[in-house]
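So the sequence shown is numbered by my numbering: it starts at 162 and just counts up by one.
Inspection log for the structure reproduced underneath, given as structure tokens.
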Amino acid sequence: MNGGVERLTALTAGQQIVFGGNRLTTVPDDLAAAFVDGDRLLVVDATGDLLHVPAAAHDAATAAVDSAVGAFRTLGGCDDDQLTAFFYRLAELLADDEVTAQVQQANDEDLKGARAAGRSTTRLELTASMRADMIEGLQAWRDAPMRRDATLQQIDHGTWSLEARQAPLGVVGFVFEGRPNVVADATGVLRTGNTVAMRIGADALGTATALFEHAVDPALAAAGLPHGCISLVRSPARAAGWALFDDRRLALAVARGSGTAVSQLGAVARQAGTPVSLHGTGGAWIVAAGSADPVRLHAAVVNSLDRKVCNTLNVCCLPRDRPDLVDVFLDALDEAATRRDTAARLHVDESSQEAIPVGRFERVVTITRADGAREEPAASTIHRRELGREWEWEHSPEVSVVIVEDVDEAVGLCNAYSPRFIVSLVSEDAAEHERFYAAVDAPFVGDGFTRWVDGQYALSTPELGLSNWQAGRLLARGGVLSGSSVHTVRYRAAIHDADLRR
162 MNGGVERLTA LTAGQQIVFG GNRLTTVPDD LAAAFVDGDR LLVVDATGDL LHVPAAAHDA
222 ATAAVDSAVG AFRTLGGCDD DQLTAFFYRL AELLADDEVT AQVQQANDED LKGARAAGRS
282 TTRLELTASM RADMIEGLQA WRDAPMRRDA TLQQIDHGTW SLEARQAPLG VVGFVFEGRP
342 NVVADATGVL RTGNTVAMRI GADALGTATA LFEHAVDPAL AAAGLPHGCI SLVRSPARAA
402 GWALFDDRRL ALAVARGSGT AVSQLGAVAR QAGTPVSLHG TGGAWIVAAG SADPVRLHAA
462 VVNSLDRKVC NTLNVCCLPR DRPDLVDVFL DALDEAATRR DTAARLHVDE SSQEAIPVGR
522 FERVVTITRA DGAREEPAAS TIHRRELGRE WEWEHSPEVS VVIVEDVDEA VGLCNAYSPR
582 FIVSLVSEDA AEHERFYAAV DAPFVGDGFT RWVDGQYALS TPELGLSNWQ AGRLLARGGV
642 LSGSSVHTVR YRAAIHDADL RR
């Protein structure tokens, strides 16, 4: 006999909640006090996390999805030339100094608020180079030859034929960190006929709102496209992201940001039955072989530490039989810091301490972090398991180093502790490169600097995010998710013999 279903209107401190089928968790005091009639409670089956979604956050997410769903229903009546016109106009507006000045004003306010809260602003600031990259990406979508119903395969059976044709997927839910450029990147799903409801980190909501008001919405209108094709969740609450991913109308949920937050969002979407594409923990590894060219290693390290993003060098493995490469690595680390007019922070695997000059452990340097400058040792030791930690540095380059017996040991460490994301081998041995590629468990493998891993830089296509293999390999898809990746396949038959039968 089925029990009655009632609506949750309140929570009680200590109240037991069932999750995972046979486990219990209890409602903490602060959650019970904050929860009011109209709010929602999401329970993450994998962890037992209790996620409080206030009514306002839920309503903001629902409104964005409503707009995207409505737009998707009418987008099929628009032609591909209108999509081209949208990207043309959006790039044109972002190139307009008067438009950008209004967006820049909002960005300045966001930066001020983030700094006052002691949060990182390295990816939040709308710089001239970021603006140029946004325009370049939009122009790439403008000029892309792809069409929504492109024929992927044709099979002729004589008396009948079959076409496999690309088709839009639907509404994409997209949650990302406070990076203004991702607003432009996310519009790429429109090229393949999808619509998107996006939620940006609270620190950049003002910038995103200005981008919509002065660029995105006017470009949609100019192209004659439905208003909600690109919609923004207008809420600063993290709970709005949970509410967005809990909406069963999404065809795909895409999340990028910090590893823990992204994993939690992914769990919410999976419980709702929505496919997910997660782009969380980053950090690249560089492995130096015994045959490594010092000049090449130096360049790889310096050029992989120019700024902190997901493809920045995080761990370097150096061979024990080449102590000269330790000096090369340290010189490169210091040069990367000098180029940023700061000092570097080094984390040394505890088994490798003797390979690093003792003076580096004794020296105190000024490290610039999100909440201000700190006096810290230039080097300190870490436990082996911390090789898996991504250093989220603000201005001062921060990296781990470990001394290994050979490339095989480095591969073992990488497969065990890294997010299985980006790895480069610096070696003069071609056969060693082939063995390395076969053994290392990562989607992005190179032989020099690590910052090449980027959709727009490597593939000339703006990306929605980069996937690691931390949770396993991807099915029939590369690690770069782009607007062109978001589609499904339909099949269309043409019967040439009216009496065809089986």
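Built from N, CA and C at the ideal position, the CB exists for glycine as well.
Residue i: CB within 8 Å of a non-hydrogen atom of the ligand ATP
i, result
"residue 570", "The ligand ATP is absent from the structure shown, which contains no ligands of any kind."
Local Cβ density within 10 Å of residue i, reported as buried at 16 or more and exposed below that
i, result
"residue 321", "exposed"
"residue 327", "buried"
"residue 190", "exposed"
"residue 251", "buried"
"residue 338", "buried"
"residue 645", "buried"
"residue 456", "exposed"
"residue 439", "buried"
"residue 162", "Any reading at residue 162 needs caution, since the residue's pLDDT is 45, under 50, leaving its predicted position unreliable; the model's value is listed next. Under this definition residue 162 is an exposed residue."
"residue 346", "buried"
"residue 612", "buried"
"residue 660", "exposed"
"residue 170", "exposed"
"residue 447", "buried"
"residue 261", "buried"
"residue 519", "exposed"
"residue 473", "buried"
"residue 669", "Outside the displayed range of the chain (162 to 663) lies residue 669, so it cannot be described from this structure."
"residue 183", "exposed"
"residue 558", "buried"
"residue 405", "buried"
"residue 484", "exposed"
"residue 323", "exposed"
"residue 377", "buried"
"residue 532", "exposed"
"residue 387", "buried"
"residue 506", "buried"
Closest residue to residue i among the options (Cα-Cα distance)
i, options, result
"residue 396", "174, 537, 218 and 213", "218"
"residue 392", "431, 336, 422 and 399", "336"
"residue 383", "242, 415 and 334", "242"
"residue 565", "340, 520, 438 and 512", "512"
"residue 237", "181, 354, 535 and 346", "354"
"residue 496", "480, 460 and 514", "460"
"residue 620", "531, 305 and 588", "305"
"residue 432", "325, 167, 180 and 569", "180"
"residue 500", "483, 603, 556 and 548", "556"
"residue 442", "647, 223 and 632", "632"
"residue 421", "208, 507, 173 and 292", "208"
"residue 316", "325, 310, 308 and 506", "325"
"residue 471", "436, 194, 294 and 641", "641"
"residue 567", "377, 639 and 477", "477"
"residue 343", "622, 598, 224 and 654", "622"
"residue 255", "375, 367, 407 and 165", "375"
"residue 581", "351, 587 and 598", "598"
Those residues which DSSP pairs with residue i across a bridge
i, result
"residue 350", "Paired residue(s): none; residue 350 is not in a bridge."
"residue 291", "Answer is none; residue 291 lacks a bridge partner."
"residue 555", "Paired residue(s): none; residue 555 is not in a bridge."
"residue 359", "335 and 393"
"residue 379", "Answer by DSSP bridge pairing: none, since residue 379 is not bridged."
"residue 654", "323"
"residue 538", "525"
"residue 317", "322"
"residue 508", "541 and 561"
"residue 533", "530"
"residue 422", "Partner(s): none; residue 422 has no beta bridge."
"residue 416", "336 and 439"
"residue 386", "In DSSP, residue 386 forms no bridge with anything."
"residue 296", "Residue 296 is not bridged to any residue."
"residue 587", "449"
Assumed close pair residue i, residue j - CB separation to whole angstroms, cut-off 8 Å
i, j, result
"residue 178", "residue 211", "7 Å"
"residue 248", "residue 299", "5 Å"
"residue 458", "residue 429", "That pair is no contact at about 43 Å."
"residue 475", "residue 593", "With 8 Å as the limit, residue 475 and residue 593 do not qualify as a contact, their Cβ atoms being about 22 Å apart."
"residue 400", "residue 214", "4 Å"
"residue 453", "residue 494", "So it is not a contact: roughly 16 Å between Cβ atoms."
"residue 187", "residue 175", "5 Å"
"residue 276", "residue 282", "6 Å"
"residue 606", "residue 479", "Not confirmed; about 19 Å, so no contact."
"residue 585", "residue 549", "Actually they do not touch by this definition, with Cβ atoms about 18 Å apart."
"residue 415", "residue 333", "6 Å"
"residue 636", "residue 628", "That pair is no contact at about 11 Å."
Scan the region 592 to 645 and note each continuous alpha helix (DSSP H) run of 4 residues or more that stays entirely inside, going in chain order. 616 to 620
Which runs of the beta strand (DSSP E) at least 3 residues long sit entirely within the region 435 to 482? Give them in chain order. 437 to 440, 445 to 449 and 474 to 480
Any alpha helix (DSSP H) of 4 or more consecutive residues that is wholly inside the region 182 to 254: Complete alpha helix (DSSP H) runs here, min 4: 190 to 195 and 216 to 236.
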